[in-house]
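Quick notes on the structure that follows.
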Amino acid sequence: MRPGPALRAMTVSVLAVGMLTACSQSYDAEDVAYAGDYGSHPPLAVVGYPSTGSLGITQQVVWRIADGKAGELASLAADKEDKGVPEKTAENWIAAFGKGARGKVTAEFYDEGSLRQEVVLYLHETDQIKQIQVRATSVDGKDIWRVTMDEPAPEEATAVHPWVPKKPGELGSKTAQ
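Its first residue numbered 179, the sequence shown is counted upward by one per residue in this note's numbering.
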């Protein structure tokens, strides 16, 4: 007795999934978490030239602000030895920018981003602007990206530096003209 078309199709599908699984790279928990975050947040519009690392950390900063996760946001800090400063900064950023981070956000990346990069976040829903600095840090011989979080006072967290343009692209993603 020959198998029917449905059984043949199911067999081919099972074999294909098995082959693809065997050939695919292994994913760790960090990859799975990133994919979940990426799929559950509005896309981040990008202006300028981010590196893979500077883009990744910037997305995580926006996502943690949007989700109101102060502990997770503070864990992205570059300088964690400043006791309480990243945590207070995280609280300030969430209080000031949480609503805007849940909507459309454009991130403009300034200058070359192999080791550090200035990033300006334009939160369109609230017409707010937030400048951050991201940088590569070596941890256990592995380069990871972190964000400078040294704004423990609310007025520091919401201050807009004079060089920051009001709209993305006005300076051509260059801080020095």
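The beta carbon of each residue, even a glycine, is placed where N, CA and C say it ideally should be. Remember, predicted model here, so these are calculated numbers, not experimental data.
Open item on the list: Using 9 angstroms as the threshold, is the C-beta distance between residue 281 and residue 302 below it?
Closed with: yes
Open item on the list: Quick check on residue 259: does DSSP put it in helix, strand or coil?
Closed with: coil
TODO: Go to residue 300, then tell me how far its alpha helix (DSSP H) extends in each direction, as first and last residue.
DONE: It is not in any alpha helix (DSSP H) - residue 300 instead sits in the beta strand (DSSP E) that spans 294–301.
- [ ] Would you mind listing the beta strand (DSSP E) stretches within the segment 207–271 that are 3+ residues and don't spill past its ends, in chain order?
- [x] 222–226
TODO: Pick helix, strand or coil for residue 277, following the three-state DSSP scheme.
DONE: helix
Task: Proximal residues to residue 228 (C-beta, below 6 angstroms), its chain only, five neighbours per side dropped - done: 287, 291
Open item on the list: Taking only three categories from DSSP, how would you classify residue 331?
Closed with: coil
Open item on the list: Using DSSP's beta-bridge definition, name the partner residues of residue 316.
Closed with: 321
Task: Reference residue 346; option with closest CA among 331, 298, 323, 317 - done: 298
Open item on the list: Measuring straight from C-alpha to C-alpha, what distance separates residue 361 and residue 342?
Closed with: Only positions 179 to 355 of the chain appear in this structure, which leaves residue 361 out of reach.
Open item on the list: Short of 8 angstroms in beta carbon distance, which residues of its chain neighbour residue 284, apart from the five on each side in sequence? Order them along the chain.
Closed with: 222, 223, 224, 225, 299, 300, 302, 346
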